[in-house]
Structures are given as structure tokens and as C-alpha cells.
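This report refers to the structure that appears directly beneath it.
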Amino acid sequence: MFLFISFLIFSGALMAAAWYVYALPRQAENRILISRLREIRVRAGGPARASRGASDLMIQEQRGAFSALNRVLDWIGPARRLQVSIEQANLSYRATDVLTISLLIAGTAYLLQGLAGVGIFFLRLLIAAAFGSLPIVYIMRVRARRLMKFEENLPDAIDLFNRSMRAGHNIQAGLETLGSETLEPVKMEFRRVVEELALGSQLEAALHNLGRRVPLIDLKFFITGLILQRQTGANMVAVLENLSILIRERLNLAAKLKAATTQQRFSAGLLCALPVVVGLGFWVIKPEYI
0 MFLFISFLIF SGALMAAAWY VYALPRQAEN RILISRLREI RVRAGGPARA
50 SRGASDLMIQ EQRGAFSALN RVLDWIGPAR RLQVSIEQAN LSYRATDVLT
100 ISLLIAGTAY LLQGLAGVGI FFLRLLIAAA FGSLPIVYIM RVRARRLMKF
150 EENLPDAIDL FNRSMRAGHN IQAGLETLGS ETLEPVKMEF RRVVEELALG
200 SQLEAALHNL GRRVPLIDLK FFITGLILQR QTGANMVAVL ENLSILIRER
250 LNLAAKLKAA TTQQRFSAGL LCALPVVVGL GFWVIKPEYI
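Numbered by numbering that gives the first Met the number 0, the letters in the sequence shown go through residues 0 to 289 in order.
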């Protein structure tokens with residue numbers, strides 16, 4: 000049974016690696032095509048409009064190195080959620096590529112444990128799963144950092160939008176200001192909204208796409224205010240001012256709470272890691288105890 004499972008894992012990893020090597024030339028062709036489309040964008044619209052986001056809007060969604068497998072995984076809920084998380088992290092990966100790399104890492108870790116003499120089957124599976132989840136953990140950490148940075152810069156962006164509205168500009172002009180005068184990643188996301196509007200998208204659809212890319216409740220309040228202002232003509236400046244103040248107060252409270260609970264969180268992490276560390280220590284010193 001052990002040899003059969005090892006053979007299956009090794010065969011799957013070998014086939015995935017061969018498939019990935021076969022797909023590399025197609026990836027190079029895709030990069031050349033993207034470069035040519037961006038050059039056309041520069042010649043047609045000038046350097047000011049030749050941003051990465053505008054070019055990406057002209058290019059069909061890439062299917063990744065495993066296009067056939069990706070079409071199958073698009074119907075699977077976890078794969079779709081992983082792809083959404085990748086987009087929210089602003090990474091250029093595909094869910095299929097990430098899952099394949101995770102499988103390769105897990106299979107390699109499983110086989111290396113066999114070569115190292117780890118005889119406990121469930122322990123090998125656990126360690127292999129831990130190593131295989133590293134790419135997904137990396138994506139989630141990048142996503143969390145990006146969303147946190149967006150939330151920190153959102154109050155300043157709302158204040159800038161309010162000043163633009165007070166100056167007599169319309170909503171689209173205010174969004175263009177956010178797409179050029181704010182900090183990243185707020186700047187990039189609102190620039191995408193402006194580019195979608197320039198390509199003929201409706202304001203509501205562009206704002207809903209923004210809310211999908213950046214799933215923050217504060218941003219959803221801002222988007223709802225803009226849509227209501229467009230549909231009803233109401234004055235949302237005062238509401239948005241209160242929203243920016245509320246966001247700042249909540250961020251300050253969260254920072255104080257994090258500082259006050261630093262020692263407790265460290266103790267909790269240490270206690271959670273202690274059984275694993277002790278178990279590994281016993282396995283190295285006295286394997287018969289495990």
C-alpha cells in the first residue's frame with residue numbers, strides 16, 4: 000500500500016512537471032502578444048493611457064499553463080474562490096498553476112520524507128500537506144497586506160473625492176482624480192474603474208467590479224453612496240466625510256487593540272506551536288516514543 004501511494008504521487012508529480020514544461024513555450028507566446036498589444040496601446044492612445052491596467056482590459060483572460068484543466072477547475076468552488084483571491088492580491092497567477100505547484104511541492108515533500116526514513120504514514124501526509132499549502136498561504140498573505148494598505152489609504156482618497164465634488168466636478172472626474180493623485184493600491188484600482196468607463200462600461204458595473212476586486216466593507220459603503228448619488232442626485236459629500244472619519248477612528252482603535260494584545264497573541268502562538276515542536280524533538284531524539 001505504501002509503495003502504491005508513493006508511486007501514484009511520484010507519477011502525478013512527474014506528469015504535472017512534464018505538462019508544465021510543455022506549456023512554457025505557449026506562455027512565452029502569450030507574453031509576446033501582451034507586449035505587442037501594449038505597444039499598440041501606446042501608439043493609439045499615448046503614453047498617458049498606456050498603463051498596465053488599460054492593456055489588461057484589451058487582453059482576454061489568460062487561462063494559465065494548464066488551460067484544459069483550468070476549464071474543468073472553473074466549475075469547482077474552491078478553485079474559483081482561489082482565483083478570486085489571486086485577483087484580489089493583484090498577482091498574475093492562475094488557480095490551476097498554483098494548485099499544480101502545490102501538488103508538486105506536496106509530492107516532493109512526501110517522497111523526501113520516505114527517503115529520510117519517516118515511516119509514519121499520517122505524519123508524512125500531514126507534513127506534505129503543510130508544505131503543499133505554502134503557495135496558497137503566500138497568496139493569502141499578499142492579499143491581506145494589499146487589502147490592509149488599501150483600507151489605510153481609503154480615508155484620504157474619500158477626502159480627495161469630496162474636495163473634487165465641492166469644486167464642481169462630476170463623479171467620473173472625481174474618480175479620475177483618485178486614479179492619478181492617490182497612493183497605491185488605491186490609485187491602481189480607481190484607474191481601472193476609469194479605464195473601464197472609457198471603454199464603454201456603465202458606472203454601476205465598473206464600481207461593482209471594484210467592490211469585487213477589493214472586498215472591503217468601507218469601500219462598499221463608498222460605492223453605494225456613489226451609486227445613490229448618481230441615481231437620486233442627493234448630496235453625499237457630508238455622508239462621505241463622516242465615512243472617512245469613521246474609517247480613521249476604527250483604524251486607530253484597531254491599532255491600539257493590536258498593541259495592547261501583543262503579549263497575549265505571542266503567548267497563544269507559542270502555546271499552539273509547543274506540542275508540534277515537542278513532538279518533532281521527541282521524533283528526532285527518541286523516534287520510538289512517537
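Every residue gets a Cβ at the ideal spot worked out from N, C-alpha and C, and that includes glycine.
Note that the structure is predicted; figures quoted are calculated from it, not measured.
Quiz item: What is the DSSP secondary structure of ALA78, reduced to helix, strand or coil?
Solution: Translated into positions along the sequence shown, residue 78 becomes position 79. It is helical.
Practice problem: Determine the DSSP secondary structure at THR260, reduced to helix, strand or coil. | Solution: Position 261 of the sequence shown, counted from the start, is the residue given in the question as residue 260. Three-state result, THR260: coil.
Quiz item: If you follow the alpha helix (DSSP H) that LYS186 is part of, which residue opens it and which one closes it?
Solution: Here residue 186 corresponds to residue number 187 of the sequence shown, with the count starting at 1. Per DSSP, LYS186 belongs to the alpha helix (DSSP H) from 185-197.
Quiz item: Applying the criterion that 16 or more other CB atoms from any shown protein chain within 10 Å of the CB defines a buried residue, is PRO286 buried or exposed?
Solution: For the purposes of this step, residue 286 is taken as the residue at position 287 of the sequence shown. It is exposed - the Cβ of PRO286 has fewer than 16 other Cβ atoms within 10 Å.
Quiz item: Is ALA94 near LEU103, with beta carbons less than 8 Å apart?
Solution: The count along the sequence shown starts at 1 and reaches residue 94 at position 95. The count along the sequence shown starts at 1 and reaches residue 103 at position 104. No, Cβ-Cβ distance for ALA94 and LEU103 is not below 8 Å.
Practice problem: Pair every Cβ in the segment 213-226 with every Cβ in the segment 146-155, then say whether three or more of these pairs are closer than 8 Å. | Solution: yes
Self-check item: Exposed unless 16 or more other CB atoms sit within 10 angstroms - verdict on GLN263
Solution: For the purposes of this step, residue 263 is taken as the residue at position 264 of the sequence shown. Classification for GLN263: exposed.
Self-check item: Cβ-based neighbour list, PRO134, same chain, cut-off 6 Å, excluding 5 preceding and 5 following
Solution: Mapped onto the sequence shown, residue 134 falls at position 135. Here the set comprises VAL97, ILE100, SER101.
Quiz item: Nearest to LEU225 by CA position, among GLN112, PHE149, GLN201, is which residue?
Solution: As a first step, residue 225 must be located in the sequence shown, where it is residue number 226. For the residues GLN112, PHE149, GLN201, the minimum Cα distance to LEU225 belongs to GLN201.
Exercise. Answer yes or no: do VAL236 and MET164 have a C-beta to C-beta separation smaller than 8 Å?
Key: On the sequence shown, residue 236 is found 237 positions in, with the first residue counted as 1. On the sequence shown, residue 164 is found 165 positions in, with the first residue counted as 1. In this structure, MET164 lies closer than 8 Å to VAL236 by Cβ.
Quiz item: Of the residues ALA197, ALA166, ILE157, which one's Cα is nearest the Cα of GLU240?
Solution: Position 241 of the sequence shown, counted from the first residue, corresponds to residue 240. Out of ALA197, ALA166, ILE157, ILE157 has the C-alpha closest to the C-alpha of GLU240.
Practice problem: Can you say whether ARG249 is buried or exposed, counting buried as having 16 or more other CB atoms within 10 angstroms of its CB? | Solution: Residue 249 sits at position 250 when you count from the first residue of the sequence shown. By the beta-carbon neighbour count (other beta carbons within 10 angstroms, threshold 16), ARG249 is exposed.
Quiz prompt | Segments assigned alpha helix (DSSP H), at least 4 residues, entirely inside the segment 215-247 | solution = 216-231
Quiz item: Hey, ASP217 and ILE246 are a contact pair by Cβ (cut 8 Å); roughly how many whole angstroms apart?
Solution: In the sequence shown, counting from the first residue as 1, residue 217 sits at position 218. In the sequence shown, counting from the first residue as 1, residue 246 sits at position 247. Indeed they touch by this definition, with Cβ atoms about 5 Å apart.
Quiz item: Alpha carbon to alpha carbon, what distance is there between ALA128 and THR261?
Solution: As a working note, residue 261 is residue 262 in the sequence shown. As a working note, residue 128 is residue 129 in the sequence shown. THR261 and ALA128: Cα-Cα distance of roughly 29 Å.
Quiz item: Can you name the start and end residues of the alpha helix (DSSP H) that GLN290 belongs to?
Solution: This structure cannot settle anything about residue 290, because the visible part of the chain is limited to 0 through 289.
Quiz item: Near ILE138, what residues of its chain come up, given a Cβ to Cβ distance below 8 Å and the 5 sequence neighbours on each side ignored?
Solution: In the sequence shown, the residue the question calls residue 138 occupies position 139. The beta carbon of ILE138 sits closer than 8 Å to the beta carbons of LEU81, SER84, ILE85, ALA88, LEU90, TYR92, VAL97 from its chain, once the five residues preceding and following it are set aside; these are given in chain order.
Practice problem: Please classify SER266: does DSSP put it in a helix, a strand, or coil? | Solution: Start at 1 with the first residue of the sequence shown, and residue 266 comes out as number 267. SER266: helix per DSSP, three-state reduction.
Quiz item: Which of the three DSSP states, helix, strand or coil, is assigned to ALA88?
Solution: If you number the sequence shown from 1, residue 88 lands on position 89. If DSSP states are grouped into helix, strand and coil, ALA88 belongs with coil.
Exercise. Under the assumption that LEU215 contacts VAL193 (Cβ atoms under 8 Å), give the Cβ distance between them as a whole number of angstroms.
Key: Start at 1 with the first residue of the sequence shown, and residue 215 comes out as number 216. Start at 1 with the first residue of the sequence shown, and residue 193 comes out as number 194. 19 Å between Cβ atoms; not a contact.
Practice problem: Kindly give me the distance between the Cβ atoms of GLU188 and LEU206, rounded to whole angstroms, as I take these residues to be in contact under 8 Å. | Solution: Reading the sequence shown from its first residue, position 189 is the one you call residue 188. Reading the sequence shown from its first residue, position 207 is the one you call residue 206. About 11 Å; that fails the 8 Å criterion.
Practice problem: Would you mind working out which of ALA259, LEU159, GLY113, LYS255 sits nearest THR176, comparing C-alpha positions? | Solution: What you label residue 176 is simply residue 177 of the sequence shown in a count that begins at 1. Per the Cα distances, LEU159.
Practice problem: Return the first residue and the last residue of the alpha helix (DSSP H) that GLU151 is part of. | Solution: Counting from one through the sequence shown, the residue named residue 151 turns up at place 152. Unbroken alpha helix (DSSP H) run through GLU151: 133-165.
Quiz prompt | LYS255 (DSSP reduced to helix, strand or coil) | solution = One-based indexing of the sequence shown puts residue 255 at position 256. In this structure, LYS255 counts as helix in the three-state DSSP scheme.
Practice problem: Determine the burial state of GLY178: buried for a count of at least 16 other Cβ atoms within 10 Å of its Cβ, exposed for fewer. | Solution: Within the sequence shown, the letter at position 179 stands for residue 178. Buried: at least 16 other Cβ atoms inside 10 Å.
Self-check item: Cβ distance (whole Å) where ILE170 is taken to contact ARG229 below 8 Å
Solution: Taking the first residue of the sequence shown as 1, we reach residue 170 at position 171. Taking the first residue of the sequence shown as 1, we reach residue 229 at position 230. Contact holds; Cβ gap of about 6 Å.
Practice problem: Compute the Euclidean distance between the alpha carbons of PRO274 and LEU196, then round it to the nearest angstrom. | Solution: Residue 274 sits at position 275 when you count from the first residue of the sequence shown. Residue 196 sits at position 197 when you count from the first residue of the sequence shown. When rounded, the distance between both Cα atoms is 55 Å.
Quiz item: If you draw a straight line from the alpha carbon of LEU146 to that of LYS186, how long is it in whole angstroms?
Solution: Residue numbering aside, residue 146 sits at position 147 when the sequence shown is read from its first letter. Residue numbering aside, residue 186 sits at position 187 when the sequence shown is read from its first letter. Roughly 13 Å separates the two Cα atoms.
Quiz item: By Cβ distance below 7 Å, which residues in the same chain neighbour ALA105 in space, the five residues on each side in sequence not counted?
Solution: By one-based count along the sequence shown, residue 105 stands at place 106. For ALA105, where only same-chain residues beyond five positions count, the Cβ hits under 7 Å are ALA127, ALA128, PHE130, GLY131.
Quiz item: alpha helix (DSSP H) containing ALA101: first to last residue?
Solution: Locating residue 101 in the sequence shown gives position 102, where the first residue counts as 1. The amino acid at residue 101 is misidentified as Ala; the sequence shows Ser. Looking at the DSSP string, the run of the alpha helix (DSSP H) that includes SER101 is 94-115.
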